[in-house]
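J.:
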Amino acid sequence: MKDSNLQIVIKTLPGLERVLAREVRQLGGREVQEVRRGIVCKGDLGFVFKCNLWLRTALRVLVQIDRFQVRDEKNLYKKVYETPWEKYFDCDKTIAIDATVHSDRFRNSLFVAQKTKDGIVDRFRDQSGKRPSVDLKNPDIRINVHIQNHFCTLSLDSSGESLHKRGYRVEVDKAPLSEVLAAGILSLMDWQGKAPLLDPMCGSGTFLTEAALFASNVPVNVFRKQFSFQNWKDYDAELFDTIFESSMKKENRDLPPIYGFDIDPQIGAKARRNVKNALMEDVIKVQKRNFLNWPEDEKVAPGTTLIMNPPYDLKLEADIPELYKGIGDSLKQHFSGCTAWVFTASAEGLKHLGLKPTKKIPLKNAKLDSWLVRYDLYEGSKKGSD
Numbered sequence: 001m002k003d004s005n006l007q008i009v010i011k012t013l014p015g016l017e018r019v020l021a022r023e024v025r026q027l028g029g030r031e032v033q034e035v036r037r038g039i040v041c042k043g044d045l046g047f048v049f050k051c052n053l054w055l056r057t058a059l060r061v062l063v064q065i066d067r068f069q070v071r072d073e074k075n076l077y078k079k080v081y082e083t084p085w086e087k088y089f090d091c092d093k094t095i096a097i098d099a100t101v102h103s104d105r106f107r108n109s110l111f112v113a114q115k116t117k118d119g120i121v122d123r124f125r126d127q128s129g130k131r132p133s134v135d136l137k138n139p140d141i142r143i144n145v146h147i148q149n150h151f152c153t154l155s156l157d158s159s160g161e162s163l164h165k166r167g168y169r170v171e172v173d174k175a176p177l178s179e180v181l182a183a184g185i186l187s188l189m190d191w192q193g194k195a196p197l198l199d200p201m202c203g204s205g206t207f208l209t210e211a212a213l214f215a216s217n218v219p220v221n222v223f224r225k226q227f228s229f230q231n232w233k234d235y236d237a238e239l240f241d242t243i244f245e246s247s248m249k250k251e252n253r254d255l256p257p258i259y260g261f262d263i264d265p266q267i268g269a270k271a272r273r274n275v276k277n278a279l280m281e282d283v284i285k286v287q288k289r290n291f292l293n294w295p296e297d298e299k300v301a302p303g304t305t306l307i308m309n310p311p312y313d314l315k316l317e318a319d320i321p322e323l324y325k326g327i328g329d330s331l332k333q334h335f336s337g338c339t340a341w342v343f344t345a346s347a348e349g350l351k352h353l354g355l356k357p358t359k360k361i362p363l364k365n366a367k368l369d370s371w372l373v374r375y376d377l378y379e380g381s382k383k384g385s386d
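Encoded structure:
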């Protein structure tokens with residue numbers, strides 16, 4: 001892993017490829033190219049460490065160690081067996097295999113994962129008389145095998161657990177938003193961390209926390225206790241410590257107001273606990289309030305940016321139009337001079353906001369088609385076509 005031209009694949013959510021590519025370039029990645037649900041680039045081991053610490057829209061950082069043509073299961077096993085796994089980790093480490101297959105030559109991904117595991121453990125056993133154990137829940141080493149048509153790529157997953165698991169969120173509501181998706185949405189909004197930010201339906205506070213981490217220039221995965229690269233044979237602890245300490249010196253606490261509301265006091269309490277875990281309780285304020293019953297005499301600072309993810313899975317489908325109409329009315333009446341962004345999977349709800357969108361970005365929330373929609377609010381905002 002001393003190579004300065006490591007081939008790196010970084011995975012993300014659909015629709016966030018361009019955002020991730022921009023992040024990677026800013027971090028120093030070379031030869032960055034967008035691919036489906038990710039990017040490919042080149043860098044050294046220190047860059048891999050930085051990616052895991054800093055990238056807000058990354059799910060996994062994979063380092064390629066081999067690529068070859070593959071014909072069938074016997075050929076796959078042989079090629080995996082010939083790979084010098086002992087260069088990368090010791091046999092006392094536990095392993096797990098993640099496989100993706102897009103080829104008519106193999107039955108399914110589980111079969112490919114099994115053959116890959118066999119090749120790895122057999123090589124260790126033949127060389128040392130010992131073999132690594134499999135741990136599917138919390139492995140020391142995570143290996144990625146990707147088969148596309150007749151090519152197979154073997155990679156080490158430097159991240160371990162998905163990078164959306166930041167380490168600060170211990171309390172969630174019933175439909176929590178992915179941290180990676182929230183960070184990507186904030187980037188797509190082009191919020192620069194200067195204008196006040198309000199989430200009037202904040203749930204467990206994911207938008208708020210991701211916004212504060214971004215604006216304060218804190219490495220987003222600073223709270224993670226473990227990365228898989230720390231179990232690699234050539235892990236350079238001194239280099240990682242230097243990168244970590246340097247990253248923490250860049251923190252900025254001169255932030256705009258960042259605040260959220262939720263009508264449910266229990267959910268608001270969860271948000272406050274998550275905010276506290278992220279060490280942002282002096283920056284983010286969460287209150288129990290009903291956004292739809294905004295006081296007539298309360299003014300919001302012009303230039304405030306609103307972001308909300310309203311409910312779209314109400315028990316009664318008839319409640320959707322009423323809820324979204326109420327949101328639109330509140331925005332029109334009390335937030336003149338502000339910009340509102342609505343992220344939702346409810347096309348029906350958007351029709352009832354009664355506002356003209358100025359931008360509409362298609363995304364996915366898990367498997368649901370969703371949209372991030374911008375509304376520029378001004379005095380006497382009129383209804384427009386959706």
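Take 1 as the starting number for the sequence shown in UniProt numbering and just add one per residue.
Cβ atoms here follow ideal geometry from the backbone N, Cα and C, with glycine treated the same way.
Since the model is a prediction, treat every value here as computed from it, not as a measurement.
Could you tell me the alpha carbon to alpha carbon distance between VAL373 and GLU17, rounded to whole angstroms?
T.: Approximately 19 Å, taken between the alpha carbons.
J.: Can you say whether SER324 is buried or exposed, counting buried as having 16 or more other CB atoms within 10 angstroms of its CB?
T.: Sequence check: residue 324 is Tyr here, not Ser. With 16 or more other Cβ atoms within 10 Å, it is buried.
J.: Would you mind sorting SER4 into buried or exposed? The rule is 16 or more other CB atoms within 10 Å of its CB.
T.: SER4 is exposed by the Cβ-count criterion.
J.: Report the option in ILE143, THR206, THR153 whose CA atom is closest to the CA atom of GLY167.
T.: It is THR206 whose Cα lies nearest to the Cα of GLY167.
J.: Just reading off the alpha helix (DSSP H) that LEU45 is part of, what are its end residues?
T.: First-last of the alpha helix (DSSP H) with LEU45: 45-54.
J.: Inspect the CB distances between the region 172-192 and the region 344-352 and report whether three or more fall short of 8 Å.
T.: No contact exists between the region 172-192 and the region 344-352.
J.: Is it buried or exposed, VAL35, if we count other Cβ atoms within 10 angstroms and call 16 or more buried?
T.: Result: exposed.
J.: Could you tell me which of THR57, GLU82, LEU59 sits nearest to ARG67, measuring between CA atoms?
T.: When each option's Cα is compared against that of ARG67, the closest is GLU82.
J.: Terminal residues of the continuous beta strand (DSSP E) containing TYR375?
T.: First-last of the beta strand (DSSP E) with TYR375: 368-376.
J.: Check whether the Cβ atoms of LEU208 and ILE284 sit closer than 8 Å, and answer yes or no.
T.: Yes, the Cβ-Cβ distance between LEU208 and ILE284 is below 8 Å.
J.: Measuring CA to CA, which of ASN138, LYS194, LEU45 is closest to PRO302?
T.: Taking only the C-alpha atoms, the option nearest PRO302 is LYS194.
J.: Just to confirm the assignment, what range does the alpha helix (DSSP H) spanning LYS364 have?
T.: Run containing LYS364: none in the alpha helix (DSSP H); it sits in the beta strand (DSSP E), 359-365.
J.: Taking the C-alpha atoms as reference points, what is the distance between TRP54 and ALA96?
T.: Rounded to the nearest angstrom, the two C-alpha atoms are 25 Å apart.
J.: Enumerate in chain order the residues of its own chain whose CB-to-CB distance from SER109 is below 7 Å, with the five nearest sequence positions on each side excluded.
T.: Closer than 7 Å at the Cβ level, and outside the excluded window around SER109, lie ALA99, THR100, VAL101.
J.: According to DSSP, is PHE111 helix, strand or coil?
T.: In the structure shown, PHE111 sits in a helix (DSSP, three-state: H, G or I).
J.: Grab the span of the alpha helix (DSSP H) containing ALA21 for me, first residue to last.
T.: Here the alpha helix (DSSP H) through ALA21 covers 17-27.
J.: DSSP three-state label for ALA99, please.
T.: Looking at ALA99 - three-state DSSP - the assignment turns out to be strand.
J.: Would ARG56 pass as a contact of SER162 if the rule is Cβ separation under 8 Å?
T.: No; because the gap between Cβ atoms is not below 8 Å, this pair is not in contact.
J.: Using 10 angstroms around the beta-carbon of LEU239, count the other beta-carbons present and answer buried if the total reaches 16, otherwise exposed.
T.: Result: exposed.
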